Amino acid sequence: MTPQFESDKGRPVTADEMREAPGVTVEPDTTLTLALPKTGLATAEAGDLLLADIGIPRGVYDSLGIDYADPFDGARRVWLRSR
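Okay, here's the thing in structure tokens:
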């Protein structure tokens, strides 16, 4: 099933309309990202950036060929960027 989004006009939103970005609608103080840093957050207006460990075993990264260096050092979360 494809999700349907309705516009304020009472009809489904088209793919072209979803690509339009009318401007920033949220300016967060802090963004929480899970497991690994996301490249899109490096330049995003995401505020302070917090990375949380969700317990993915190292073997998962190895099996996917992801070069993984554990950033947590035993902690459950680490700050990646703080103002």
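Each step along the sequence shown adds one to the number in full-length UniProt numbering, with nothing skipped, and position 82 is 82.
Backbone N, C-alpha and C fix where the C-beta goes; we use that ideal spot for every residue, glycine too.
As the structure is a prediction and not an experimental result, all values here were calculated from the model.
Query, Result
"Residue interval of the beta strand (DSSP E) (run including residue 48)", "48-52"
"Contact belief for residue 60 with residue 71 at Cβ below 8 angstroms, rounded distance in angstroms", "At roughly 16 angstroms, the Cβ-Cβ gap does not stay under 8 angstroms, so residue 60 and residue 71 are not in contact."
"Cβ neighbour criterion (16 or more within 10 Å) applied to residue 69", "exposed"
"Residue nearest to residue 81 in terms of C-alpha spacing, selected from 53, 37, 64", "37"
"Supposed close pair residue 42, residue 28 - CB separation, criterion 8 angstroms", "About 15 angstroms separates the two Cβ atoms, so there is no contact after all."
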